[in-house]
Amino acid sequence: MAATSLIPVTSTAARDSLRNNAGVLTRNHTCSCDGLELHFATNHIGHFLLTNLLLENMKSTCRDSGTEGRIVNVTSVGHAMMTYPEGICFDKIHDPSGLNDFIAYCQSKLANILHSNELSRIFKEEGVNISANAVHPGVIMTNIFRDRTIVGAFFNTIGRIICRRVEQGAATTCYVAMHPQVKGISGKYFADCNISSPSLQASDAELAKKLWQFSLQTLSS
């Protein structure tokens with residue numbers, strides 16, 4: 002991954018909370034400046050990299066303060082839609098002919114949950130007082146469909162009636178990140194401020210490990 006595309010994380014300020022929230026849904030195959038498929042790069046790799054850059058700071062903060070650290074990955078119910086039987090098709094992620102745009106989006110949202118689950122497993126194995134969870138904020142009125150004329154027009158009209166406002170969509174994220182009732186809960190998927198059931202693929206521990214290794218390899222290439 003090109004170093005020129007990264008913003009150095011140099012601050013040593015204490016951190017015990019991290020919320021990863023990024024989402025793009027483009028038309029056609031688009032690449033980041035590093036040559037990575039844009040959905041995967043923005044919706045997953047960016048989260049993965051930022052989390053890894055801040056992990057040691059979070060671990061030391063939680064160890065020194067005795068507080069629980071919390072990492073929240075914002076995902077989508079789309080993680081269960083239009084994915085491959087194997088969950089993530091690693092050999093097609095960056096292939097222009099390999100995935101259509103919506104499948105690429107759904108696959109990246111599946112990656113958010115798998116990332117949270119693998120973080121949770123690692124923290125438990127290391128005895129680190131940090132939790133990692135994924136949240137679905139609901140269908141929110143954002144500009145994610147700005148590149149899709151028909152769908153965008155629908156959300157600009159009917160969506161104003163049936164979709165949540167941004168502040169409503171932030172409720173589950175804030176709940177999981179800060180509420181005392183969530184203390185000690187890790188490796189879960191939340192929706193509407195409650196633990197929910199993700200897809201079977203999202204609960205695949207081996208797939209989560211494979212994604213972790215693939216993400217490390219992507220960053221080192």
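The sequence shown runs 2 to 222 under the working numbering. Where a beta carbon is used, it is the ideal one built from N, C-alpha and C, also for glycine.
- Here Met59 is buried, its C-beta having at least 16 other C-beta atoms within 10 Å.
- A Cβ-Cβ separation of about 6 angstroms places Ser77 in contact with His137 under the 8 angstroms criterion.
- Following the DSSP letters along the chain, one finds Leu19 inside the beta strand (DSSP E) bounded by residues 18-21.
- The Cβ neighbour count for Glu119, taken over all protein chains shown within 10 Å, is at least 16; the residue is labelled buried.
- The residue among Lys184, Ala192, Thr219 with its C-alpha nearest the C-alpha of Thr68 is Lys184.
- For Phe91, the CB contacts under 7 angstroms within the same chain, skipping 5 residues up- and downstream, are Phe215 in chain order.
- The beta carbon of Leu50 sits closer than 7 angstroms to those of Leu220, all from its chain and outside the five residues before and after it, given in chain order.
- Its chain contains Asn74, Thr76, Ala135 as the residues whose beta carbon lies nearer than 6 angstroms to that of Asn113, once the 5 sequence neighbours on both sides are disregarded; these appear in chain order.
- Distance from the CA atom of Phe124 to the CA atom of Ser132, rounded to whole angstroms, is 7 angstroms.
- Comparing alpha carbon positions, the residue from Ser18, Arg16, Glu38, Leu19 closest to Leu26 is Glu38.
- Out of Ala171, Ala23, Arg122, Met82, the CA that lies nearest to the CA of Ile186 is found in Arg122.
- In this model, Gln218 and Lys210 are separated by some 13 angstroms (Cα to Cα).
- Here Val136 carries a strand assignment [DSSP, helix/strand/coil].
- When DSSP states are grouped into helix, strand and coil, Ala192 belongs to the strand group.
- Ranking Gln169, Leu55, Tyr85 by CA distance to the CA of Arg71 puts Leu55 first.
- The bridge partners DSSP lists for Ile72 are Leu19, Ala133.
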